[in-house]
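So that you can map any letter, position 47 of the sequence shown is 47 in UniProt numbering, and since no number is skipped, the others follow by simple counting.
As structure tokens, the structure follows; a few thoughts come after it.
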Amino acid sequence: MRGYYDEISFDVNTTAKKMHLFLLRSIASYDVTPEQWSILEGIEANEPISQKEIALWTKKDTPTVNRIVDVLLRKELIVREISTEDRRISLLSLTEKGRKETNELRDIVEASCEKMFAGIAHADLEQFTAVLKNISTNIE
């Protein structure tokens with residue numbers, strides 16, 4: 001049985017890497033990585049949002065989010081402001097440039113996902129997602 005599980009793990013890992021590379025190539029002209037895209041998308045959906053909240057929303061660890069946020073700040077895609085309710089908290093929001101790029105990137109990412117999942121029934125994708133969530137729960 002061990003070889004069976006190894007093959008599944010290998011296939012999932014290989015496919016995840018291919019998906020990441022495909023998305024990376026799709027959005028390369030914007031000089032934004034898939035990781036940066038996920039942060040931009042999370043900020044847009046929840047702005048203003050703290051770095052801690054964006055880490056939870058994107059399921060990324062805090063140091064990773066901090067590094068990505070620093071890059072996005074340098075690229076002038078987001079701004080950081082001190083919360084008026086709690087001065088210890090910094091809130092992130094998109095700049096106009098960031099909003100424009102996020103909207104353009106969304107179309108590219110959507111088209112990329114349509115290509116990745118072409119020919120796969122919606123019910124099959126829902127079942128696949130459920131299986132992945134079960135595996136994730138088992139290893140938490």
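Quick reminder that beta carbons are idealized off the backbone N, C-alpha and C, glycines included.
Gln-36 is positioned such that its CB atom lies closer than 8 angstroms to that of Val-71. Taking 8 angstroms as the cut-off, the Cβ atoms of Lys-52 and Glu-76 do not count as close. The three-state secondary structure of Ile-49, taken from DSSP, is strand.
Contact check for Leu-91 against Ser-50 passes: the beta carbons are separated by less than 8 angstroms. Between Thr-95 and Val-79, the C-beta spacing is below 8 angstroms. Just measuring C-alpha positions, the residue of Cys-113, Asn-134 and Ala-130 sitting nearest His-20 is Cys-113. In the DSSP annotation of this structure, Ile-82 is not part of any alpha helix (DSSP H); the continuous beta strand (DSSP E) holding it starts and ends at 78-82. Just so you know, the alpha carbons of Asp-86 and Lys-133 end up roughly 35 angstroms apart.
Annotation for Glu-104: Tyr-30 place their beta carbon closer than 8 angstroms to its own, counting only its chain and skipping 5 residues before and after. Counting along the chain, Ser-90 sits inside the beta strand (DSSP E) bounded by residues 90-94. Around the Cβ of Ala-121, a 10 Å sphere holds fewer than 16 other Cβ atoms; the residue is exposed. The beta carbons of Leu-24 and Thr-33 sit about 6 angstroms from each other, so the pair counts as a contact at 8 angstroms. In this structure, the beta-carbon distance from Gly-42 to Thr-58 falls below 8 angstroms. In summary, Ile-54 is buried, with 16 or more beta-carbon neighbours lying within 10 Å of its beta-carbon over all protein chains present.
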